[in-house]
Amino acid sequence: AKEGARHLKNGPESRPEKRSDVTTTTDWLAPILWEGTFSTQALEKFYRKRNLTVGLAVFARGRFADEYLEVFLQSANKYFMPGHRVVFYIMTDDYVKRPSMELRPLCTFQLLLMEEEQWWSDIDLVRMKVLGEHIVAHILQEADFLFSMTADLVFRDDFGVETLGTSVAQLHAWWYFRNTRNYPYERRPQSSAYIPFGQGDFFYGSSIIGGTPQRVLDFIRDYMEGVIHDLKIGLNSTFERHLNKFFFLHKPTKLLSPEYGWDPRFNPPPQVHYVKVALFKTYPPPEGSSSS
440 AKEGARHLKN
450 GPESRPEKRS
460 DVTTTTDWLA
470 PILWEGTFST
480 QALEKFYRKR
490 NLTVGLAVFA
500 RGRFADEYLE
510 VFLQSANKYF
520 MPGHRVVFYI
530 MTDDYVKRPS
540 MELRPLCTFQ
550 LLLMEEEQWW
560 SDIDLVRMKV
570 LGEHIVAHIL
580 QEADFLFSMT
590 ADLVFRDDFG
600 VETLGTSVAQ
610 LHAWWYFRNT
620 RNYPYERRPQ
630 SSAYIPFGQG
640 DFFYGSSIIG
650 GTPQRVLDFI
660 RDYMEGVIHD
670 LKIGLNSTFE
680 RHLNKFFFLH
690 KPTKLLSPEY
700 GWDPRFNPPP
710 QVHYVKVALF
720 KTYPPPEGSS
730 SS
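Under the numbering used here, the first residue of the sequence shown is numbered 440, with each subsequent residue one higher.
Okay, here's the thing in structure tokens:
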């Protein structure tokens with residue numbers, strides 16, 4: 440996995456000059472993925488030899504399971520890391536039926552059942568706590584890379600090996616096109632999620648995070664510590680703000696552009712050539728659709 444991450448940073452698949460209309464590299468030289476900035480063929484040639492396993496963890500309970508999980512899994516089965524070995528980790532309760540769909544070759548799924556008393560009011564805290572426990576217990580030994588996603592997403596095009604990296608962050612589709620001075624960071628100095636005015640790089644969305652399992656675990660531990668710190672002093676910041684503080688201190692090595700998380704309630708701007716992942720809150724994509 441480490442060798443793959445190094446290759447992604449400096450390898451021949453990078454084509455930032457192809458997209459002069461957007462920012463394709465951060466100040467710390469991490470690539471920002473837009474359609475046209477990478478060579479799928481070069482990446483596939485590199486990763487085919489390494490026989491990787493990529494994990495995809497999704498949390499689903501209640502209405503998220505009833506309304507979103509089936510469509511999420513069906514679209515992931517088609518578009519997530521096509522041609523590579525994938526393990527779907529479904530974090531849920533006893534009331535969710537086992538997926539009945541036929542998985543493509545090289546794909547398996549694991550139901551990570553949770554006990555009733557673990558259904559706290561803070562869903563983000565629950566899913567991160569449970570995911571962290573499973574990373575330590577077995578995912579570290581099973582997967583080379585791991586993504587954690589919310590169930591209210593639907594894949595509309597290939598989410599492939601171009602997204603792999605040591606630490607992967609998603610640029611928030613709405614805030615990417617807004618003035619950086621207005622980013623909704625945590626501004627209370629007492630909070631562990633605090634980012635001062637005038638600082639910060641991007642505003643990252645919380646629907647997708649990824650990287651090596653160890654790096655995802657590092658974030659979870661940092662997030663849990665931050666939540667505990669804030670609760671002790673009577674504060675309650677959001678998961679997304681804690682996530683932004685983590686990436687402010689620990690820069691991601693790969694950034695996913697808004698093409699990897701668009702809200703279909705809004706018409707995409709010219710910079711968004713293909714919607715690879717969309718929010719499913721408003722409407723699902725047409726059956727068989729592979730682009731926006």
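The beta carbon of each residue, even a glycine, is placed where N, CA and C say it ideally should be.
Using a threshold of 8 Å, state whether the C-beta atoms of residue i and residue j are closer than that.
i    : j    : result
L718 : D702 : yes
V655 : I574 : yes
P520 : V600 : Sequence inspection shows Met at residue 520; the Pro mentioned does not correspond to that position. Going by C-beta atoms, M520 is nearer than 8 Å to V600.
P538 : L512 : yes
Q549 : V526 : yes
H712 : E554 : no
Y528 : L495 : yes
D583 : L491 : yes
S646 : T589 : yes
Tell me where the beta strand (DSSP E) around residue i begins and ends.
i    : result
S645 : Y643 to G650
M553 : Taken as a continuous stretch (DSSP letters only), M553 belongs to no beta strand (DSSP E), as it is neither H nor E.
F586 : F584 to T589
Buried or exposed for residue i, going by 16 or more other Cβ atoms inside 10 Å?
i    : result
N516 : buried
E541 : exposed
E625 : buried
L592 : buried
L688 : exposed
V714 : buried
T651 : buried
F705 : exposed
What does residue i pair with, by DSSP beta-bridge criteria?
i    : result
Q609 : G644 and L695
V716 : F594
E625 : Y633
A496 : Y528 and S587
I672 : DSSP lists no partner for I672.
P470 : T464
Leaving out the 5 sequence neighbours to the left and right, which residues in its chain are closer than 7 Å to residue i when beta-carbon positions are compared?
i    : result
Y643 : A608, Q609, L610, H611, L682, N683 and F686
D668 : With the sequence shown as reference, residue 668 is identified as His, and Asp is not the correct amino acid for it. Closer than 7 Å at the Cβ level, and outside the excluded window around H668, lie S631.
P691 : A469, S606, V607 and A608
P401 : The requested residue 401 does not occur in the structure, where the chain is confined to residues 440 to 731.
I634 : Y624, E625, N683, K684 and F687
Could you tell me the boundaries of the alpha helix (DSSP H) in which residue i lies?
i    : result
A481 : T479 to R487
F527 : Careful: F527 lies outside any alpha helix (DSSP H), inside the beta strand (DSSP E) at R524 to T531.
N706 : Where N706 is concerned, there is no enclosing alpha helix (DSSP H), given that its DSSP letter is neither H nor E.
V569 : I562 to H573
Q438 : Residue 438 is absent from the model: the chain starts at 440 and stops at 731.
E679 : F678 to L688
For residue i, collect the residues of the same chain with a Cβ closer than 8 Å to its Cβ; drop the 5 residues on either side in sequence, then sort them by chain order.
i    : result
L564 : M663, V666 and F678
D657 : H689
L674 : R627, Q629 and S630
G639 : T619, Y622, Y624, N683 and F687
Looking only at its own chain, which residues have a Cβ that is under 6 Å from the Cβ of residue i, when we skip the five neighbours before and after it?
i    : result
L695 : L472 and Q609
G522 : none
W467 : K690
F498 : M530 and R566
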